[in-house]
Amino acid sequence: MMAAGGGPAGIGMTSARTRDRLIERLREHGISDAEVLERIRSVPRHLFVDEALASRAYEDTALPIGFGQTISQPYVVAAMTEALIAGRELPLERVLEIGTGCGYQSAVLAPFARKIVSIERIGSLARRARLRLRELKCHHVSVRHGDGLQGWAQLAPYDGILVAAAPDRVPAALLEQLAEGGRLIMPVGRGGVQRLVRVTYRDGRYREERLADVSFVPMLEGVTP
Ligand code: SAH
35 MMAAGGGPAG IGMTSARTRD RLIERLREHG ISDAEVLERI RSVPRHLFVD
85 EALASRAYED TALPIGFGQT ISQPYVVAAM TEALIAGREL PLERVLEIGT
135 GCGYQSAVLA PFARKIVSIE RIGSLARRAR LRLRELKCHH VSVRHGDGLQ
185 GWAQLAPYDG ILVAAAPDRV PAALLEQLAE GGRLIMPVGR GGVQRLVRVT
235 YRDGRYREER LADVSFVPML EGVTP
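Counting with the working numbering, you get residues 35 to 259 for the letters of the sequence shown.
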């Protein structure tokens with residue numbers, strides 16, 4: 035499929051086969067939700083990275099997006115999205131995302147929620163992601179410049195919270211902002227390898243499952259312009 039909104043000339047066409055290859059790889063690694071796979075195929079990931087990296091946009095790897103940050107690896111985005119929506123009635127009403135980065139994960143998530151609030155602590159990235167998401171007509175995703183450690187109480191509770199940066203432990207504020215039956219998917223831990231966990235809130239209790247080992251940038255406090 036041709037990507038909307040321009041981008042490097044012709045990449046939409048030349049990338050068709052590399053996109054197929056990416057989907058095949060995700061399948062082999064255990065991603066089975068057909069809608070998630072189709073969404074990964076259709077979101078133009080090359081528009082979220084610098085033109086110099088566009089030819090690598092459909093490789094299953096994280097890539098730099100400036101400010102010492104990275105666009106998440108497609109497999110990780112797919113796995114987190116799947117962990118959030120599996121077995122649930124869709125679309126979810128309200129989802130909170132922390133660590134917008136370039137907005138790629140938000141774009142993948144977009145069709146699965148009626149409303150998404152995404153928080154990014156680096157102002158320049160937040161502004162850029164906002165533009166990208168507008169271009170891709172993700173009008174129900176609103177990007178906020180702020181510190182996601184506190185969540186976003188104004189719109190709580192959330193059916194889903196998805197975090198793309200790793201704190202030492204699950205922040206209490208995020209647990210408090212989960213709706214009944216809501217799920218929090220996030221990396222937790224110090225150092226290069228963290229554990230991806232899913233916390234489900236039901237009947238006043240939190241149940242934690244360990245999903246995989248992952249590698250995210252650390253969650254930092256405060257904001258930068
Ligand atoms: N999901 C993104 C990847 C983002 S990388 C994508 O698809 O591109 C993680 C992002 O989390 C970085 O942009 C980083 O600035 C941001 N981040 C780190 N700590 C944060 C915090 N406390 N609040 C909000 N964003 C944070």
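Using N, Cα and C, we set each Cβ at its ideal position, and we do this for glycine too.
Quantities reported herein were computed from a predicted structural model and do not represent experimental measurements.
For isoleucine 65, the shortest separation between its Cβ and any heavy atom of ligand 1 does not lie below 7 Å.
Within 10 angstroms of the beta-carbon of glutamate 131 lie 16 or more other beta-carbons, which makes it buried. Straight through space, the alpha carbons of arginine 217 and alanine 187 are spaced by roughly 16 Å. Taking a 10 Å sphere around the C-beta of tyrosine 92, we find 16 or more other C-beta atoms and assign the residue as buried. The C-alpha of valine 231 is placed about 6 Å away from the C-alpha of methionine 220.
For proline 108, the enclosing alpha helix (DSSP H) starts and ends at 108-119. A straight line joining the alpha-carbon of alanine 141 with that of alanine 112 spans about 12 Å. Between the segment 103-112 and the segment 76-84, the count of C-beta pairs closer than 8 Å reaches three or more; the two stretches touch. Glutamate 210: not part of any beta strand (DSSP E); member of the alpha helix (DSSP H) spanning 206-210, first to last residue.
In this structure, Thr52 is the residue among Thr52, Cys136, Val83, Leu183 with its C-alpha nearest to the C-alpha of arginine 75.
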